[in-house]
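2 protein chains.
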Amino acid sequence: MFKKVLIAEDMEDINKGVHTLLKELGILHIEQVQYCDDAYLKIKRAGLDNDPFEMIITDLSFKADHRSQTYPTGQALAEKLNAEFPELKVIVYSVEDRLQAVRTLFNQHHIDAYVCKSRSGLKNLTKAITEVVNGNTFLSPEVSNAFHSTNELEIDDYDISLLENLSKGLSQEEISALYKKVNISPASLSSIEKRLNKLRIQFNANNAIHLVAIVKDLGLI
Amino acid sequence: MFKKVLIAEDMEDINKGVHTLLKELGILHIEQVQYCDDAYLKIKRAGLDNDPFEMIITDLSFKADHRSQTYPTGQALAEKLNAEFPELKVIVYSVEDRLQAVRTLFNQHHIDAYVCKSRSGLKNLTKAITEVVNGNTFLSPEVSNAFHSTNELEIDDYDISLLENLSKGLSQEEISALYKKVNISPASLSSIEKRLNKLRIQFNANNAIHLVAIVKDLGLI
DNA sequence: ACAGTGGTTACGGAAATCCGTAATGTCTTT
DNA sequence: AAAGACATTACGGATTTCCGTAACCACTGT
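Those sequence lines, one after another, are chains R and G. FYI, the working numbering numbers position 199 of the first sequence as 199, with every residue one higher than the one before it. To get the working numbering, take the position in the second sequence, counting from 1, and add 221.
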């Protein structure tokens, strides 16, 4: 089990709940912060002191208040931590269940676990911690279909960009021209058509209108 | 002419351009901010000091940065200002040309003018100011059809049904066939096309995809 | 080196859309 | 009954999307 863990969570009650859980798991040194910026500073400091944190459990959304923050969200924090402290284990503990966000966190920012706050949130969090201790990753069942669900739902940023531009009213040809101008790689009309066709199949959409309606409902864009 | 005016605009160059224009119009006391929150604070302060601003010229979209904001957009700011300082004149100066947004600003938040940033943006802004000085309202020609066009903002159940079927992936021909079967009156493909065209114009949509995206955002479907 | 794989691009035809014009129908007004 | 206003429908052509096929290129591996 880990010895030194940090909790970043703005809601005091939840913060306290997680703290209790960690104590029950036998973690000796637990610190808590209510701002992402404070989390970063504490981790930085601990690194300089040669007594680094082994793991952080962080929320995604922190309500904004008077204090302006360099890292306003857990996502921003995760990105920074992955770049600067790649060995630090990161567990995200959030109500968010947007699959694309989860995918980005795993693929881009290499977090180790994603746990949804829900009825059985703490139970899943326990599972997540034991998995991460053993060097594995963990994904809450609520969002498990973000990856190994039925289909290989590989929706990357390019796809999102495509869908966003479509929903903004650009024709496929206009998107092609735009991508050529700003040097986004598959830029040909043909490639865009092909990619959209793939997305239509993945989302069971009859046509582009249907596709955009679906992904808007899913919150992907 | 007004004596004391505030400019809220995050792009420094534009901010400066508007400032110059106001000086040319003979406005003596001009202040500038790059965040909506600062605008609110300045207006609040001036009110408490019994030297209130007479007018604010504000953008709609402010790019987000590290500073967390209570009023992230000009829309949020306008709403607050209308509630707290109803006598303050508000001119919105934005690239946005979404008619529904303009309508909301006028009807809900009672702004005094809406000017589109465009080739002739500053010219229209001048007009807007003189109109507002005289107690009138002003609307950029680009969005003038938000109101005193036919102003047939009559979106009826038929329109909604059309948009819903579109978003469910039916082609216009399929919708036509469906309406013929269940005896919904304008059922011909031609009528459906015409109606959708009217909706596209009303919502400033480039195509059907764009239209569905817009009305989904508006919560119409 | 050579086949195999996967990603990008090109092309062409069918289908659907976009958009203007015009014909038909329906209802009201006089 | 005639005329006018307005909604519905019909039609034609330009554009766009949809979809299959295929060429081209980079990269991989026994």
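Glycine residues also receive a C-beta, built at the ideal position from the N, C-alpha and C atoms.
- Boundaries cannot be given for Thr-137 (chain R), as no beta strand (DSSP E) includes it and DSSP labels it neither H nor E.
- Within the same chain, Cβ atoms closer than 6 angstroms to the Cβ of Lys-225 (chain G) are found at His-250, Phe-274 and Glu-275, the five residues on either side in sequence being excluded.
- Chain R places a beta carbon closer than 7 angstroms to that of Asn-427 (chain G), counting this residue as a contact.
- For Leu-41 (chain R), no Cβ of chain G is located within less than 7 angstroms of the residue's own Cβ.
- DSSP, reduced to helix, strand and coil, places Glu-317 (chain G) outside both helices and strands of the structure shown, so it counts as coil.
- For the region 67 to 86 of chain R, residues whose beta-carbon sits nearer than 7 angstroms to a beta-carbon of chain G comprise Ser-68, Gln-69, Thr-70 and Pro-72.
- Ranked by Cα distance from Asp-38 (chain R), the first of R:Leu-81, R:Ala-128 and R:Gly-17 is R:Leu-81.
- Counting along the chain, Glu-193 (chain R) sits inside the alpha helix (DSSP H) bounded by residues 189 to 202.
- What Gly-390 (chain G) touches in chain R, judged by beta-carbon distance under 8 angstroms, is Ala-205, Asn-206, Asn-207, Ile-209, His-210 and Ala-213, going in chain order.
- For Tyr-158 (chain R), DSSP assigns no beta-bridge partner whatsoever.
- Here the C-alpha atom of Ile-228 (chain G) lies approximately 45 angstroms from the C-alpha atom of Ser-191 (chain R).
- Within chain G, the residues placing a beta-carbon under 7 angstroms from that of Lys-216 (chain R) are Ala-434 and Lys-437, ordered along the chain.
- Within its own chain, the residues whose Cβ lies closer than 7 angstroms to the Cβ of Leu-410 (chain G), once the five positions on either side in sequence are excluded, are Gln-393, Glu-394 and Ser-397, listed in chain order.
- Ranking R:Pro-86, R:Val-95 and R:Arg-98 by CA distance to the CA of Asp-112 (chain R) puts R:Pro-86 first.
- In terms of beta-carbon proximity, Leu-441 (chain G) stays away from the interface with chain R, with every pair separated by 7 angstroms or more.
- Leaving aside the five residues that flank Asn-386 (chain G) on each side, the residues in its chain whose CB is nearer than 6 angstroms to its CB run, in chain order, Ile-396.
- Assignment of Tyr-261 (chain G) by DSSP, reduced to helix, strand and coil, places it in the helix class.
- CA-CA distance, Ile-209 (chain R) to Asn-404 (chain G), rounds to 25 angstroms.
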